[in-house]
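Residue numbers (the numbering used here): 11 to 445.
Here is the structure:
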């Protein structure tokens, strides 16, 4: 699996701000920014960084909301300049030092923005008529005002549980919980998944190492080119397997061995100096991480971040396969309607008999995976704040001597935004939402 995030600035809602514009000085009309992205570090009151790019705050710098595009130097939004906030910077670039001189800082106010998507329920937090659950990387609440629709085996809210798929719309509340205004639930009957033909179908072969004889194993996946050695390091492999299985959602581990919906996860460290991200087989639950990347990680929390990304990918893949398989189980017309309701891009993609999803769909899946990985980490007891640091360490081809000089990749920026918004209790510097 190759995880390639789009360039900074194209991600959807992540940062939020708590402020009301109270003009204390003449407002200014703002022109187009020269830099935008997630705030990744602070050195206030002098400077901050946006996706690793240094911004020096200029005397009299003004602040405002991007949607209003009017700013003042005395705006309360000055206090919203925090790690994870999404900002637009207006100013100039010093051609010699490559430092941005920040004269105007605009915040993307996504707090009131409607969120929507599709995902599987990975954890039931509370039940009853107003259930609270984890799905699609969000904590989602159903209220009496939620417009509910049920499909397939799901007939009432009482039937909703883990491994139920839903499409949702809603907004976050003061605690960062997504309160659903609409929710469509669906659970596809457990049947053996069919392998889709095309790029998703390729050769994979695994030969585990022999720890007693210290004989290396090897694995072949066409997607990463030829055979890769699996070190016969029992302690190393046990650690990778332990951390990996811990981030697998509990409902998956509680399934019987013969349940077609169960994913049989395996986690192995391989030797590959070029592999800077985890790779997953597109059939089954095999997830690989390079020993060289693992050696860069400071702790198990960071290893969990990398492996949780792989687990999230496999869960995504299974869900799409099962929805496609439901075209036979539910009937072509009914299943097509369900697919259109749950994932319009997916339905269109298969309706056109294409094996290559469009760019927007790929971007949505990458963002979903990044959110879901944080949720899996938190549910497993790992620190989700370590995820952006993990990708910062494994992304570069070569590590510099000064690790503080490492820039955050776009994946880290997106996750910093989600952490800032949804994990405030674990982040003392997070911004409070508006009342």
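The beta-carbon is built from N, C-alpha and C at its ideal position, and this holds for glycine as well.
Going by C-alpha positions, residue 294 is about 50 Å away from residue 101. Excluding residues up to 5 positions away in sequence, 402 lie with their Cβ nearer than 6 Å to the Cβ of residue 416 in the same chain. Annotated as proximal: residue 174 and residue 131, with beta-carbon spacing under 7 Å. Under the Cβ criterion (8 Å, minimum of three pairs), the segment 166 to 186 counts as touching the segment 421 to 433. The secondary-structure analysis by DSSP pairs residue 376 with nothing; it has no beta-bridge partner. Per DSSP, residue 53 is one residue of the beta strand (DSSP E) stretching across 45 to 53. The beta carbons of residue 134 and residue 171 sit closer together than 7 Å.
Residue 249: not part of any beta strand (DSSP E); member of the alpha helix (DSSP H) spanning 244 to 257, first to last residue. Around the beta carbon of residue 427, 16 or more other beta carbons sit within 10 angstroms, so the residue counts as buried.
With a beta-carbon spacing of about 4 Å, residue 112 and residue 65 fall inside the 8 Å limit used to define contacts.
The count of Cβ pairs closer than 8 Å, one atom from the segment 372 to 384 and one from the segment 406 to 413, stays below three, leaving the stretches out of contact. Beta-bridge analysis with DSSP links residue 73 to 82, 115. Within the same chain, and ignoring the five residues on either side of residue 392 in sequence, the residues whose Cβ sits closer than 6 Å to its Cβ are 311, 314. In the three-state scheme derived from DSSP, where H, G and I count as helix and E and B as strand, residue 240 is classed as strand.
In the same chain as residue 216, and ignoring 5 residues on each side of it, the C-beta atoms closer than 7 Å to its own belong to 229, 296, in chain order. Here residue 153 is not near residue 194, since their CB atoms are 7 Å or more apart. In this structure, the beta-carbon distance from residue 146 to residue 129 falls below 7 Å. Across the structure, residue 259 and residue 52 are spaced so that their CA atoms are roughly 35 Å apart. A residue is called buried once 16 or more other Cβ atoms fall within 10 Å of its Cβ, and residue 303 is buried on that count. As computed with DSSP, residue 125 is found in a beta bridge with 180. For residue 396, the enclosing alpha helix (DSSP H) starts and ends at 396 to 404. For the pair residue 396 and residue 378, the Cα-to-Cα distance works out to about 18 Å. Look at residue 424 here: in three-state DSSP terms it is helix.
Of the candidates 151, 137, 186, 137 places its Cα closest to the Cα of residue 169. Leaving aside the five residues that flank residue 274 on each side, the residues in its chain whose CB is nearer than 7 Å to its CB run, in chain order, 294, 295.
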